[in-house]
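**Student:** One structure coming up, written as structure tokens, with questions to follow.
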Amino acid sequence: MPWIQLTVAAPEKHAPLVGDMLQGNGALAVTYRDAQDNPIFEPPLGEVLYWQETLVTGLFPAETDLKPVLANLQKSRFFDEGFNYKTDQLEDKDWEREWMDNFHPIQFGERLWVCPSWREIPEPDAVNLMLDPGMAFGTGTHPTTALCLRWLDGQDLRGKTVVDFGCGSGILAIAALLLGAERAIGIDIDQQALISSRDNAERNGVAERLEVYLPSQQPSLHADVVLANVLAGPLQDLADVIQAFVGPRGQLVMSGILERQIDAVQAAYSANFDFSPAQVQAEWVMLHAKRKQ
Numbered sequence: 004m005p006w007i008q009l010t011v012a013a014p015e016k017h018a019p020l021v022g023d024m025l026q027g028n029g030a031l032a033v034t035y036r037d038a039q040d041n042p043i044f045e046p047p048l049g050e051v052l053y054w055q056e057t058l059v060t061g062l063f064p065a066e067t068d069l070k071p072v073l074a075n076l077q078k079s080r081f082f083d084e085g086f087n088y089k090t091d092q093l094e095d096k097d098w099e100r101e102w103m104d105n106f107h108p109i110q111f112g113e114r115l116w117v118c119p120s121w122r123e124i125p126e127p128d129a130v131n132l133m134l135d136p137g138m139a140f141g142t143g144t145h146p147t148t149a150l151c152l153r154w155l156d157g158q159d160l161r162g163k164t165v166v167d168f169g170c171g172s173g174i175l176a177i178a179a180l181l182l183g184a185e186r187a188i189g190i191d192i193d194q195q196a197l198i199s200s201r202d203n204a205e206r207n208g209v210a211e212r213l214e215v216y217l218p219s220q221q222p223s224l225h226a227d228v229v230l231a232n233v234l235a236g237p238l239q240d241l242a243d244v245i246q247a248f249v250g251p252r253g254q255l256v257m258s259g260i261l262e263r264q265i266d267a268v269q270a271a272y273s274a275n276f277d278f279s280p281a282q283v284q285a286e287w288v289m290l291h292a293k294r295k296q
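This is the structure we're talking about:
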């Protein structure tokens with residue numbers, strides 16, 4: 004099915020209302036992006052931030068007459084002196100096929116591959132984690148996940164207990180189990196993440212060794228390795244909770260951190276942990292630490 008998209012430049016305070024108006028006038032999807040391409044890395048918890056000038060794009064079926072939509076926007080109170088817009092035709096494509104074509108098997112370290120189910124496994128004798136992109140975060144394509152997967156690949160996890168705090172798709176917990184860990188515990192605030200983790204563990208044949216919990220249900224335990232791939236804010240706010248999982252001589256791996264946030268995150272844990280040099284990929288950081296004796 005062909006499409007047409009209407010993009011409107013909106014002031015920050017009116018961007019969500021312009022988006023609502025586009026939806027009210029028949030847009031099937033609405034997206035927001037910065038007119039100056041300045042990213043917002045980590046908005047405050049529970050807040051949605053827009054840019055000083057936000058480009059609001061509505062997606063419409065190609066046969067849509069946009070004249071009434073433009074007339075409604077022109078009459079709105081959202082623009083002081085008219086408004087700037089543009090329209091683009093989108094060609095008809097098999098979007099699902101194109102989406103699938105963008106995902107390929109990826110190698111992390113020496114042994115570990117993450118493979119979508121519709122691709123041929125490159126190395127059948129390697130440690131192959133079968134994972135399809137889904138509703139829960141974590142496919143290995145983001146630098147924060149990639150850094151953690153490469154670290155796991157370099158460890159001897161035989162007989163170890165691993166906690167994956169903020170487990171998302173379960174990718175880190177499942178990778179740990181496939182690499183030899185005896186037991187993994189996934190914790191997440193999102194029920195969908197727990198469902199995805201269970202399903203992915205079943206697909207990879209490790210479901211009997213993975214436990215998943217909401218924070219209100221999480222058990223009291225000491226793990227050999229604790230992985231926390233979340234964001235710098237939660238890592239600091241939940242420092243007491245996260246480090247309580249790390250047993251004597253245990254290791255802590257944290258990611259979802261930007262380079263400028265390293266000192267603040269380390270400060271929240273430095274009383275009890277000794278840190279190795281940070282590992283960096285594309286502005287994102289992974290921190291590794293060992294509990295002090």
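Residue numbers (the numbering used here): 4 to 296. In this text, a Cβ means the ideal position worked out from N, Cα and C, and glycines have one as well.
1. Under 8 Å, with one C-beta from each stretch per pair, do the stretch 198-207 and the stretch 124-134 reach the 3-pair mark?
2. Assign Asn203 to one of two classes, buried (16 or more other C-beta atoms within 10 Å of its C-beta) or exposed (fewer than that).
3. Between the alpha carbons of Ala68 and Gly29, how many angstroms are there, rounded?
4. Helix or strand or just coil, what does DSSP make of Phe17?
5. Distance, Cα to Cα, Asp277 vs Pro222?
6. What are the complete beta strand (DSSP E) segments, minimum 3 residues, inside the stretch 146-226?
7. Just to confirm, is the Cβ distance from Trp6 to Thr147 under 8 Å?
8. Could you pull out every residue in the same chain whose Cβ sits closer than 7 Å to the Cβ of Gln239, ignoring the five residues on either side in sequence?
9. Can you name the start and end residues of the alpha helix (DSSP H) that Ala267 belongs to?
10. With burial defined as no fewer than 16 other Cβ atoms inside 10 Å of the residue's Cβ, what is the status of Glu214: buried or exposed?
11. Pick helix, strand or coil for Ala30, following the three-state DSSP scheme.
12. Per DSSP, what are the beta-bridge partners of Phe63 in this structure?
13. Going by alpha carbons, who is nearest to Tyr88 out of Pro280, Pro14, Ala149?
14. Out of curiosity, what's the CA-to-CA distance linking Leu73 and Arg80?
15. Can you find the residues in the same chain that come closer than 7 Å, C-beta to C-beta, to Leu181, ignoring five residues on each side of it along the sequence?
16. According to DSSP, is Asn87 helix, strand or coil?
17. Which term fits Gln254, buried or exposed, when burial requires 16 or more other beta carbons within 10 angstroms of its beta carbon?
18. Can you tell me the Cβ-Cβ gap for Val256 and Leu230, rounded? I've got them flagged as a contact below 8 Å.
19. Would the beta-carbon of Pro116 fall within 8 Å of that of Met289?
20. For Ala274 and Val228, what's the separation of their Cα atoms in angstroms?
**Tutor:** Reading off the structure:
1. yes
2. buried
3. Note that residue 68 corresponds to Asp in the displayed sequence, not to Ala. Going by the C-alpha atoms only, they are around 10 Å apart.
4. Sequence check: residue 17 is His here, not Phe. Three-state DSSP puts His17 in a helix.
5. 25 Å
6. 164-168, 186-190, 213-216
7. no
8. Ala267, Val268, Ala271
9. 265-272
10. buried
11. coil
12. Ile7
13. Pro14
14. 13 Å
15. Val130, Leu132, Asn207, Val209
16. coil
17. buried
18. 5 Å
19. The residue you asked about is not Pro; residue 116 is Trp in the sequence shown. No, they are not a contact pair.
20. 18 Å
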